Amino acid sequence: MNNSFIRNREIMQGSIAIAETVCSIQPGVIGVYPITPQTHIIEHLARLVANGRAKGKYINADSEFSAASIVFGASAAGVRSYSASSSQGLLLMTEVIFNMAGTRLPGVFSAVNRSLSPPINIQVDHQDTMTLRDSGIIQLYVENIQEAVDTHIQIYKIAEDREVFLPAMVCMDGWIISHAYEPVTLWQDEIVQDFIGQLDLPYRVDPQNPLTYGALTDDDKITEFKYMVDSALRKSKDKIKQVSEEFRECFGNYYGGVVEEYHTDDAEIIIIAMGSVVATIKVAIDELRKEGRKVGLLKIRSFRPFPGEEIIKTLHKAAVAIVLDRSFSCSAGGILGGEVKACLYNQNKPAVINYIAGIGGREIYPFNIKEMINQGEKMAENGKISDEAIFYNLNSELL
Amino acid sequence: MKLNIGGITEAGLSKNNKTGTWRYQIPFIIEDNCNGCGLCEIFCPDSCLTIINKLVSVDTNYCKGCGICAIECNQNAIIMQSEGESSYE
Amino acid sequence: MKNNVKENFLAPGHNACPGCGVSIAVRLILRASGNNVVIVSPTGCLETFTSPYNMSAWKVPWVHPLFENASAVASGIEAALKYKGNNDTHVIVIGGDGATFDIGIGSLSGMLERNHDILYICYDNEAYMNTGIQRSSATPLGASTTTTPIGSISYGEALPKKDMLSLALAHNIEYVASATIAYPRDLMHKVKRGLSVKGAAYLHVLIPCTLGWGFEPDQTIELSRLSVQTGIFPLVEYENSELHNVRKIKELRPVDDYLKSQNRFAHLLKEEYAQTRKLLVENVRKNINKYGLE
Numbered sequence: 001m002n003n004s005f006i007r008n009r010e011i012m013q014g015s016i017a018i019a020e021t022v023c024s025i026q027p028g029v030i031g032v033y034p035i036t037p038q039t040h041i042i043e044h045l046a047r048l049v050a051n052g053r054a055k056g057k058y059i060n061a062d063s064e065f066s067a068a069s070i071v072f073g074a075s076a077a078g079v080r081s082y083s084a085s086s087s088q089g090l091l092l093m094t095e096v097i098f099n100m101a102g103t104r105l106p107g108v109f110s111a112v113n114r115s116l117s118p119p120i121n122i123q124v125d126h127q128d129t130m131t132l133r134d135s136g137i138i139q140l141y142v143e144n145i146q147e148a149v150d151t152h153i154q155i156y157k158i159a160e161d162r163e164v165f166l167p168a169m170v171c172m173d174g175w176i177i178s179h180a181y182e183p184v185t186l187w188q189d190e191i192v193q194d195f196i197g198q199l200d201l202p203y204r205v206d207p208q209n210p211l212t213y214g215a216l217t218d219d220d221k222i223t224e225f226k227y228m229v230d231s232a233l234r235k236s237k238d239k240i241k242q243v244s245e246e247f248r249e250c251f252g253n254y255y256g257g258v259v260e261e262y263h264t265d266d267a268e269i270i271i272i273a274m275g276s277v278v279a280t281i282k283v284a285i286d287e288l289r290k291e292g293r294k295v296g297l298l299k300i301r302s303f304r305p306f307p308g309e310e311i312i313k314t315l316h317k318a319a320v321a322i323v324l325d326r327s328f329s330c331s332a333g334g335i336l337g338g339e340v341k342a343c344l345y346n347q348n349k350p351a352v353i354n355y356i357a358g359i360g361g362r363e364i365y366p367f368n369i370k371e372m373i374n375q376g377e378k379m380a381e382n383g384k385i386s387d388e389a390i391f392y393n394l395n396s397e398l399l
Numbered sequence: 001m002k003l004n005i006g007g008i009t010e011a012g013l014s015k016n017n018k019t020g021t022w023r024y025q026i027p028f029i030i031e032d033n034c035n036g037c038g039l040c041e042i043f044c045p046d047s048c049l050t051i052i053n054k055l056v057s058v059d060t061n062y063c064k065g066c067g068i069c070a071i072e073c074n075q076n077a078i079i080m081q082s083e084g085e086s087s088y089e
Numbered sequence: 001m002k003n004n005v006k007e008n009f010l011a012p013g014h015n016a017c018p019g020c021g022v023s024i025a026v027r028l029i030l031r032a033s034g035n036n037v038v039i040v041s042p043t044g045c046l047e048t049f050t051s052p053y054n055m056s057a058w059k060v061p062w063v064h065p066l067f068e069n070a071s072a073v074a075s076g077i078e079a080a081l082k083y084k085g086n087n088d089t090h091v092i093v094i095g096g097d098g099a100t101f102d103i104g105i106g107s108l109s110g111m112l113e114r115n116h117d118i119l120y121i122c123y124d125n126e127a128y129m130n131t132g133i134q135r136s137s138a139t140p141l142g143a144s145t146t147t148t149p150i151g152s153i154s155y156g157e158a159l160p161k162k163d164m165l166s167l168a169l170a171h172n173i174e175y176v177a178s179a180t181i182a183y184p185r186d187l188m189h190k191v192k193r194g195l196s197v198k199g200a201a202y203l204h205v206l207i208p209c210t211l212g213w214g215f216e217p218d219q220t221i222e223l224s225r226l227s228v229q230t231g232i233f234p235l236v237e238y239e240n241s242e243l244h245n246v247r248k249i250k251e252l253r254p255v256d257d258y259l260k261s262q263n264r265f266a267h268l269l270k271e272e273y274a275q276t277r278k279l280l281v282e283n284v285r286k287n288i289n290k291y292g293l294e
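The listed protein sequences correspond, in order, to chains B, U and S.
What the first sequence shows, in the numbering used here, is residues 1 to 399, in sequence order.
What the second sequence shows, in the numbering used here, is residues 1 to 89, in sequence order.
What the third sequence shows, in the numbering used here, is residues 1 to 294, in sequence order.
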């Protein structure tokens with residue numbers, strides 16, 4: 001890492017760090033609509049626009065639907081664009097995000113994870129971004145503020161790759177990442193922009209070369225169209241790994257490509273999770289390892305594209321896999337849990353236990369992680385693996 | 001033919017869709033009455049009429065036989081003539 | 001252009017119904033605007049008949065995003081063009097009444113309020129025609145549609161037409177106008193005026209629909225003319241929220257002439273619907289007084 005690439009290093013709030021990074025990237029059009037807990041990002045961006053540091057057009061949209069549509073329009077015109085949202089706002093953006101993925105427009109969104117209503121709650125869980133998983137958007141989940149900062153830079157490069165051209169989303173836990181203060185390194189504008197390169201869309205809205213977007217298409221072609229989007233998302237997996245390596249070479253930081261393995265080589269029990277809870281799990285793993293327990297963590301960084309191969313490869317030696325979900329699909333268990341089980345189905349596989357925890361911001365402490373690991377181990381020993389996902393520490397007095 | 005990414009498609013290719021097969025009546029121009037004013041050309045929904053040398057001509061590839069030109073002509077220069085059954089199979 | 005051969009930026013071979021008023025309007029709009037434009041259309045008749053895959057009728061850049069967000073996508077395109085230093089290419093939204101009055105009203109309001117340099121043109125055929133003639137909030141009182149049919153206890157649409165001009169005016173934009181295809185030069189002039197505004201402008205164009213309103217395809221222009229001559233659809237222009245120009249009616253035609261020419265209204269001439277018919281006539285009186293049409 002070249003220290004001259006550093007613009008600033010200080011303790012700052014996550015939202016500020018992200019806004020500063022987006023400003024360094026200098027998107028040409030920014031569409032915003034406020035929703036807690038992403039508002040600090042757009043507020044800081046507004047300050048940067050107001051004092052001339054951020055040069056793009058900053059548009060205060062009338063809803064998240066419009067904010068995402070502004071990103072769609074600007075991307076179609078060949079200009080790098082950005083928006084941010086959470087929770088209900090992400091749901092409102094859903095239709096546009098499907099539209100962007102299908103139209104192959106590489107806009108980037110910061111998704112500050114927040115629980116879905118009802119009841120209304122501003123704390124974190126992953127239900128909002130999980131609900132977008134079918135769209136074709138790239139989704140990377142980050143563990144801490146520095147990773148959030150660095151992933152925004154990487155994700156533009158990934159989304160704008162000539163073989164990808166898909167919208168992309170950096171998913172970060174609300175409050176824990178957006179509002180906490182940590183020491184953060186910010187990078188020089190020119191180095192960041194050099195790293196990402198130029199946006200070079202194969203098609204753009206241009207009177208010199210008129211094109212038609214959004215044509216009506218019959219069943220004889222639609223499967224193949226959608227297959228192309230699916231292929232592009234699959235291809236982005238290699239690009240995520242490649243760009244993560246390039247980032248490490250240039251800036252020095254590395255967070256894994258699509259997954260990060262932590263003490264998994266000889267682990268008998270591996271816990272699988274995404275988001276900021278990964279940091280908590282690492283603390284628990286460290287403590288258990290000191291006690292001689294063979295436990296490890298597989299952090300899922302890229303949820304879309306889904307890292308099936310990497311999960312199979314890491315888990316095949318383990319006896320027990322515990323999937324920690326911060327979202328669930330009604331009547332069908334945890335979402336990450338379901339997808340992990342599906343990709344392991346035909347393989348030599350560990351027992352998979354799916355916990356649903358941390359919904360609506362309920363804290364997950366290292367002792368909770370240890371308890372899940374112990375419970376999981378006991379279930380495996382007794383041969384009593386729960387097929388259903390388990391709502392961890394469900395308070396029966398409320399039911 | 002390979003699909004374009006994003007479903008994006010080239011401009012103006014509707015010219016390959018010969019909608020003339022839709023019609024059962026076609027404008028007949030009474031040349032003596034036509035003064036080339038261009039009113040019919042303005043109102044044709046399918047861009048089938050052109051005024052050349054102060055006389056209107058009909059592009060039969062696309063004319064759907066709606067009859068607006070005949071109604072709107074101020075000079076009684078256009079009448080709609082039956083073409084029998086529609087030639088669309 | 002030699003021999004008066006005029007440029008058509010909407011190619012023939014589109015799938016509009018024979019006699020479709022929307023295609024007439026769009027040809028005129030593009031003739032007025034020229035081809036240094038980007039057109040954004042929401043889902044609707046225009047979108048469906050002009051854009052089958054590999055058979056697009058558009059000879060200018062055209063974007064169909066979704067049903068409710070044409071104004072917002074246009075806002076993004078306009079901002080991007082300005083960001084690239086392009087102040088010449090005009091962004092025009094051409095959307096139907098369903099997308100304008102109902103589902104897209106939020107994003108339209110946002111675009112007008114932010115005063116983007118966009119001309120919004122609503123082609124108003126007074127119902128969701130593309131999906132089979134269902135009512136929209138643009139459907140006039142008494143009209144029969146598939147979701148406001150005539151029945152033993154219903155005379156058709158029971159609510160008055162939403163006043164979109166007032167809604168547009170409420171946003172303090174420089175130019176708001178109404179036009180219709182029977183007056184093509186007026187329509188083209190208003191398009192040009194709307195494009196000359198450095199900011200948002202709204203143009204409302206009434207389009208008779210042969211299939212949806214129920215008349216022979218060759219009557220499209222005549223019905224458009226009648227809508228003005230009966231006082232049902234006033235042709236007006238507002239500059240900076242002040243009424244600036246009105247097309248006066250030389251010879252007022254009776255409302256019945258309009259009603260009896262369309263299947264969707266024909267029932268109103270019966271005695272049992274006299275109340276509703278009376279309301280329509282009163283409405284015309286109100287228009288005449290408000291705009292000074294006579």
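We put the beta carbon where it would ideally sit given N, CA and C, even for glycine.
Nothing here was measured: the structure is a model prediction, and the numbers come from that model.
- Residue B:Tyr141 holds the alpha-carbon nearest to the alpha-carbon of Val112 (chain B) among B:Ala101, B:Thr103, B:Tyr141.
- Lys299 (chain B) is classed as buried because its beta carbon has at least 16 other beta carbons within 10 Å across all chains shown.
- The beta strand (DSSP E) runs of length 3 or more contained entirely in the region 290–330 of chain B are, from start to end of the chain, 295–300, 302–304, 320–325.
- Taking CB atoms only, Thr19 (chain U) has no neighbour in chain B less than 7 Å away.
- At a Cβ-Cβ threshold of 7 Å, Ser136 (chain S) and Asp102 (chain S) count as neighbours.
- Looking at the backbone, the Cα of Phe165 (chain B) and that of Lys282 (chain B) are separated by about 34 Å.
- Residues are counted here when their Cβ sits less than 7 Å from a Cβ of chain S; for the region 88–109 of chain B these are Glu95, Val96, Asn99, given in chain order.
- When only Cα atoms are considered, Glu7 (chain S) and Phe265 (chain S) end up about 37 Å apart.
- Rounded to whole angstroms, the Cβ separation of His189 (chain S) and Asp124 (chain S) is 19 Å, and the two are not in contact under 8 Å.
- Per the C-alpha coordinates, the member of B:Asp219, B:Ile322, B:Ser327 positioned closest to Asn354 (chain B) is B:Ile322.
- In the three-state scheme derived from DSSP, where H, G and I count as helix and E and B as strand, Gln127 (chain B) is classed as helix.
- Within the DSSP secondary-structure output, Pro27 (chain U) pairs in a beta bridge with U:Met80.
- At a cut-off of 7 Å between beta carbons, Gly7 (chain U) contacts chain B.
- For the region 90–163 of chain S, the continuous alpha helix (DSSP H) assignments of 4+ residues that do not extend past its boundaries occur at 105–113, in sequence order.
- Between the region 95–115 of chain B and the region 166–175 of chain B, the count of C-beta pairs closer than 8 Å reaches three or more; the two stretches touch.
- Counting along the chain, Gly31 (chain B) sits inside the beta strand (DSSP E) bounded by residues 29–32.
- Gln26 (chain B) and Ala54 (chain B) do touch by the CB rule: their CB atoms are close to 7 Å apart, below 8 Å.
- Legend: CB atoms of the region 229–243 of chain B lying less than 7 Å from CB atoms of chain U are not found in any residue.
- For Glu182 (chain B), the CB contacts under 6 Å within the same chain, skipping 5 residues up- and downstream, are Ile145 in chain order.
- Chain order gives the chain B residues near Tyr53 (chain S) as Ala215, Leu216, Thr217, Asp218, Lys221, where near means a beta carbon separation below 8 Å.
- Within the region 55–80 of chain U, contact with chain S at the beta-carbon level (separation under 8 Å) is assigned to Asp59, Asn61, Tyr62, Lys64, Gly65, Cys66, Gly67, Ile68, Ala70, Ile71, Glu72, Met80.
- In this structure, the CA atom of Gly95 (chain S) is about 14 Å from the CA atom of Val38 (chain S).
- With at least 16 other beta carbons inside 10 angstroms of its own, Met93 (chain B) counts as buried.
- Annotation: Cβ neighbours of Phe43 (chain U) in chain S (cutoff 7 Å, chain order): Ile24, Ile221.
- The shortest C-alpha to C-alpha distance from Leu293 (chain S) to any of S:Ile232, S:Asn263, S:Glu242, S:Asp257 is the one to S:Ile232.
- Residue contact check for Phe72 (chain B) against chain S: a CB pair falls below 7 Å.
- Check the Cα spacing between Arg162 (chain B) and each of B:Val149, B:Thr131, B:Leu105: the tightest is with B:Leu105.
- If you ignore the 5 residues before and after Ser57 (chain U), its C-beta comes within less than 6 Å of the C-beta of Thr50, all in its own chain and listed in chain order.
- Annotated three-state conformation of Gly194 (chain S) is helix, per DSSP.
- In the structure shown, Asp256 (chain S) adopts helical secondary structure according to DSSP, grouped into three states.
- Interface residue (Cβ-Cβ distance to chain S less than 7 Å): Lys2 (chain U) is not classified as such.
- Burial check for Lys290 (chain S): the Cβ neighbour count within 10 Å stays below 16, so the residue is exposed.
- Using a CB distance cut-off of 7 Å, Glu246 (chain B) does not count as an interface residue toward chain U.
- The region 182–197 of chain S makes contact with the region 30–48 of chain S: 3 or more CB pairs, one atom from each, lie closer than 8 Å.
- Ranking S:Tyr120, S:Leu81, S:Gly19, S:Tyr83 by CA distance to the CA of Ala179 (chain S) puts S:Tyr120 first.
- Under the Cβ distance rule, Asn15 (chain S) does not count among the residues neighbouring chain B, no pair being separated by less than 7 Å.
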